[in-house]
Amino acid sequence: MEKPSFIIPEVRLNSTAGARVMPVIGLGTAADPLDQITVKAAVIEGLRLGYRHFDTASKYGSEVPLGEAIDEALGLGIVRSREELFVTSKLWCSDSHADRVVPALKESLRKLGLEYLDLYLVHWPISCKPGTYVYPVDEEDLMPMDFESVWGAMEECQRLGLTKSIGVSNCSSKKLETILSFATILPSVNQVEMNPVWQQRKLREFCKAKGITVTAFSPLGAIGKDWGTNLVMENETLREIAEARGKSVAQVCLRWIYQQGATAVVKSFNKGRMRENLGIFDWELSEDELERIGRIPQKRMLLKEKFISPKGPYKSLHELWDGEL
């Protein structure tokens, strides 16, 4: 049994099937273009470093290489058992219909080669025509989600033991209020864009009051992606703090998220950066540094992401539903 380089703290999730903990830092597997060999190698290296939470989605196309990496790691003794791992996947919009949720999760499990997920998320709070997997979504395929029936099917996934926990992604406080009004199993997690340039204060306060764990995606701004921003990694305040501390900007961002009581999923397939991103637990930001970060001007990255054809009435993703993300 190999000894991991890092031990990652965990947070206890509410509304799970039994006591369940989630590592506060996870490794994301979304990549464009996707190279399955690279994903598999990165996951195995991540396991050696100490990553135990792996985030995928049916739309990412990374479920198969992630599953292969887990199987190989178990065979090599990098991890002792499946129970040491925390695997998250997500329900795509075209499967966000009551009769398609359970089959979609079973298909994800087939691709992963697993018997259960640790967390299954509704990827976006919208639906589109069943069976369509085009991205960006064609305007004519877009439709509102029937939240009550879809969430009921998500609850059935947990009752069937197909997943230990259920949650949502990209949900505003308003959408969460809707789900909470009829849910019998409450969402454990809300995975949203969060970083020092989009701090999600209001949403984090709401989720904390409701016992929902916030997970930050693109915590470093997804720089280099056509939907990302360089405003995080090139922020002068973050650079100054990083230089004074002898840390990287990425480490300052991830440490800030951790000190806000949130968790994060960070994607890097570079061994050095994967290691660097875990070096945030033996130091902390001061109150003065937290205050300086709190004064950073706020800008949502998702304004740049086109979800449907620009010929339609929606100019950007956040306009597809009411309320702040």
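Mapping the sequence shown onto the UniProt record's numbering, position 105 (from 1) lands on 105, and the numbers just tick up by one. We put the CB at the ideal spot given by N, CA and C, even for glycine. Quantities reported herein were computed from a predicted structural model and do not represent experimental measurements.
According to the DSSP assignment, Pro23 belongs to no alpha helix (DSSP H) but to the beta strand (DSSP E) extending over 21–23. Where Val87 is concerned, the enclosing beta strand (DSSP E) starts and stops at 86–91. Going by DSSP, Gln191 is part of the beta strand (DSSP E) stretching over 189–193. Straight-line spacing of the CA atoms in Gly246 and Leu285 works out to 12 Å. Counting the other Cβ atoms within 10 Å of the Cβ of Ser81 gives fewer than 16, which makes it exposed. Residue range 236–245 is occupied by the alpha helix (DSSP H) that includes Thr237.
Straight through space, the alpha carbons of Leu76 and Leu47 are spaced by roughly 11 Å. For the options Arg100, Leu49, Gly228, Ile37, the alpha carbon positioned closest to that of Glu63 is the one of Ile37. By the Cβ criterion, the region 176–188 is not in contact with the region 93–110, since fewer than three pairs of Cβ atoms, one from each stretch, lie closer than 8 Å. Buried is the label assigned to Leu114, since at least 16 other Cβ atoms lie within 10 Å of its Cβ. For the alpha helix (DSSP H) assignment, the uninterrupted runs of no fewer than 4 residues enclosed by the region 72–153 are, from N- to C-terminal side, 101–112. A direct Cα-to-Cα measurement between Asp138 and Ala98 gives close to 21 Å. DSSP lists Val122, Asn190 as the beta-bridge partner residues of Val168.
Residue state for Trp198 is assigned as strand, using DSSP reduced to three classes. Judged by DSSP in its simplified three-state form, Val64 adopts helix. In the structure shown, Val39 adopts helical secondary structure according to DSSP, grouped into three states. A Cβ-Cβ contact shorter than 8 Å links Arg292 with Thr237. Bridge pairing for Phe54: Leu27, Val87 [DSSP]. Beta-bridge partners of Thr16 (DSSP): none assigned. Shortest Cα-Cα distance from Gln191 to any of Ala262, Met233, Val232 involves Ala262.
Around Cys253, the same chain offers Asn195, Pro196, Pro219, Leu220, Val232, Leu238 as residues with beta carbons nearer than 7 Å, after the five sequence neighbours per side are excluded. Judged by DSSP in its simplified three-state form, Ala222 adopts coil rather than helix or strand. Annotated as distal: Glu45 and Lys267, with beta-carbon spacing of 8 Å or more.
Rounded to the nearest whole angstrom, the CA to CA distance from Ser188 to Leu117 is 13 Å. In this structure, DSSP gives Val232 a state outside helix and strand, which the three-state scheme calls coil.
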